[in-house]
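Just so you know, we're using UniProt numbering here: the sequence shown kicks off at 1 and counts up by one.
Ideal placement from N, C-alpha and C gives every residue a C-beta, glycine not left out.
Heads up: the structure comes next, in structure tokens.
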Amino acid sequence: MTSLVFRHSLLRGVPGTCRFISEYRAKRPLFTLFSVRSYATGEDNRVPKIYTKTGDKGFSSTFTGERRPKEDHIFEALGNTDELSSAIGLAREFCLDKRHTFTHQLDKIQCVLQDVGSNIATPRSSARESHIKRTKFIAQPIVDLETWIDEFTEELPPLTSFILPSGGKSSAALHLARTVCRRAERSVAPIVRSGEADPDVAKFLNRLSDYLFTVARYASMKEGSEEKIYKRPE
């Protein structure tokens with residue numbers, strides 16, 4: 001006998017810290033990019049498969065159970081947020097190689113992005129009160145980003161020219177993550193304006209791009225790598 005349950009389709013890609021520590025939502029389950037999975041129960045011990053075939057016709061489900069085409073603005077925003085987490089994960093690996101002290105911040109940010117996705121995946125127009133309560137996005141991560149930005153800025157030399165993405169592999173990867181973050185923010189903006197997602201989701205992404213720019217400069221400085229300065233071609 002089988003039963004249908006919602007499974008977090010990205011759980012296997014989440015850093016280990018997210019499974020045990022979400023300091024922002026430690027007691028709330030995460031729901032992002034849901035898919036319906038068929039799980040064996042009772043005497044049926046078959047291992048569940050990663051593919052479900054439920055999206056083969058170009059539609060997918062939100063957390064509220066609503067079926068929408070995969071090109072819907074909700075799934076566009078979810079995809080961009082997922083890509084952002086992957087870009088940060090790649091940058092984090094470069095930063096770990098250089099033993100940067102801020103990698104734990106990148107871990108936390110990836111966890112918060114799961115919460116961002118949970119909120120996006122719960123369009124308010126079709127959500128019940130229980131859905132909204134479970135996926136509400138809180139403002140504390142925004143405060144944390146601002147604190148980290150201020151701390152790094154105190155150590156950085158002031159900007160006097162436009163800089164190009166550069167400054168070593170860690171810095172360049174963080175700059176790339178910043179540009180993905182800007183795209184994610186652009187795709188979330190209309191969702192927030194229409195009232196389908198919490199406004200603090202857009203604020204978080206806006207502040208996150210500032211953080212990634214700042215920490216990219218910080219990584220470059222700590223590695224002793226030179227940032228490339230924009231010069232008008234002659």
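Exercise. For Pro-233, which of helix, strand or coil comes out of DSSP?
Worked result: Stepping through the sequence shown from its first residue, residue 233 is reached at position 233. The answer is coil: DSSP assigns Pro-233 none of H, G, I, E or B.
Exercise. By Cβ distance, which residues of its chain are closer than 7 angstroms to Glu-185, with the 5 residues on each side in sequence left out?
Worked result: Reading the sequence shown from its first residue, position 185 is the one you call residue 185. If you ignore the 5 residues before and after Glu-185, its C-beta comes within less than 7 angstroms of the C-beta of Ala-202, Leu-205, Asn-206, Ser-209, all in its own chain and listed in chain order.
Problem set entry | Contact under 8 angstroms by Cβ, Phe-75 with Thr-135 | By 1-based counting over the sequence shown, the position of residue 75 is 75. By 1-based counting over the sequence shown, the position of residue 135 is 135. Not closer than 8 angstroms, so no.
For this session: Along the alpha helix (DSSP H) that carries Pro-141, what are the first and last residues, could you check?
Result: Reading the sequence shown from its first residue, position 141 is the one you call residue 141. DSSP places Pro-141 in the uninterrupted alpha helix (DSSP H) bounded by 140 to 155.
Exercise. Which residue's Cα is closest to the Cα of Pro-157: Ala-189, Arg-217, Ile-191?
Worked result: Taking the sequence shown and counting its residues from 1, one reaches residue 157 at position 157. Ranked by Cα distance from Pro-157, the options Ala-189, Arg-217, Ile-191 are led by Arg-217.
Exercise. Who are the Cβ neighbours of Leu-96 in its own chain at under 6 angstroms, not counting the five residues just before and after it?
Worked result: Start at 1 with the first residue of the sequence shown, and residue 96 comes out as number 96. Excluding sequence neighbours, Leu-96 sits near Thr-103.
Exercise. What are the start and end residues of the beta strand (DSSP E) that includes Ser-161?
Worked result: Residue 161 sits at position 161 when you count from the first residue of the sequence shown. Ser-161 -> no beta strand (DSSP E), and no H or E assigned at all.
For this session: Mark Thr-81 as exposed unless 16 or more other C-beta atoms lie within 10 angstroms of its C-beta, in which case mark it buried.
Result: Locating residue 81 in the sequence shown gives position 81, where the first residue counts as 1. Thr-81 comes out buried.
Exercise. What three-state label does DSSP hand Ala-26 in the structure shown?
Worked result: Position 26 of the sequence shown, counting from 1, holds the residue named residue 26. Confidence is the limiting factor: at Ala-26 the pLDDT is only 41, short of 50, which leaves the residue's position unreliable, though a coordinate-based value still follows. It is coil, neither helix nor strand.
Exercise. Is the number of C-beta pairs between the stretch 173 to 183 and the stretch 87 to 96 that are closer than 8 angstroms three or more?
Worked result: Taking a contact to require three or more Cβ pairs closer than 8 angstroms, the stretch 173 to 183 and the stretch 87 to 96 qualify as touching.
Problem set entry | Assigned exposure category for Gly-195 - 16 Cβ within 10 Å defines buried | Walking along the sequence shown from the start, residue 195 turns up at place 195. Exposed is the call here.
Exercise. Ser-187 lies in the alpha helix (DSSP H); which residues open and close that run?
Worked result: For the purposes of this step, residue 187 is taken as the residue at position 187 of the sequence shown. Taken as a continuous stretch (DSSP letters only), the alpha helix (DSSP H) holding Ser-187 covers 169 to 193.
For this session: With Pro-199 as the anchor, note down where its beta strand (DSSP E) starts and where it stops.
Result: Taking the first residue of the sequence shown as 1, we reach residue 199 at position 199. For Pro-199, no beta strand (DSSP E) segment is defined; the enclosing uninterrupted segment is the alpha helix (DSSP H) at 199 to 223.
Problem set entry | Short Cβ contact (8 angstroms threshold) for Phe-137 with Asp-72 | Position 137 of the sequence shown, counting from 1, holds the residue named residue 137. Position 72 of the sequence shown, counting from 1, holds the residue named residue 72. The answer is no: Cβ separation not under 8 angstroms.
Problem set entry | Residue burial classification, residue 235 (beta-carbon count within 10 angstroms, cutoff 16) | Since the displayed the chain opens at 1 and closes at 234, residue 235 lies outside it and no answer follows.
Problem set entry | Tyr-188, buried or exposed, once every other Cβ within 10 Å from all chains shown has been counted against 16 | Translated into the one-based positions of the sequence shown, residue 188 becomes position 188. Strictly speaking, residue 188 in this sequence is Val, with Tyr absent from that position. Burial state of Val-188 is buried, judged by a 10 Å Cβ sphere holding 16 or more other Cβ atoms.
Exercise. In whole angstroms, what is the alpha-carbon distance linking Ile-109 and Ile-142?
Worked result: On the sequence shown, residue 109 is found 109 positions in, with the first residue counted as 1. On the sequence shown, residue 142 is found 142 positions in, with the first residue counted as 1. Answer to the nearest angstrom: the Cα atoms are 10 angstroms apart.
For this session: Look at Ile-191 and Ala-77 and say whether their C-beta atoms are less than 8 angstroms apart.
Result: Mapped onto the sequence shown, residue 191 falls at position 191. Mapped onto the sequence shown, residue 77 falls at position 77. Between Ile-191 and Ala-77, the C-beta gap is smaller than 8 angstroms, which places the two residues in contact.
Exercise. Secondary structure at Lys-98, three-state DSSP: helix, strand or coil?
Worked result: Residue mapping note: residue 98 aligns to position 98 of the sequence shown, counting from 1. If DSSP states are grouped into helix, strand and coil, Lys-98 belongs with coil.
Exercise. When the Cα of residue 245 is compared with those of Gly-58, Gly-117, Arg-92, His-131, which residue comes out closest?
Worked result: Lying outside 1 to 234, the shown extent of the chain, residue 245 is not represented and no answer is given.
Problem set entry | For Lys-228, three-class secondary structure by DSSP | Here residue 228 refers to the residue found at position 228 of the sequence shown. In this structure, Lys-228 counts as strand in the three-state DSSP scheme.
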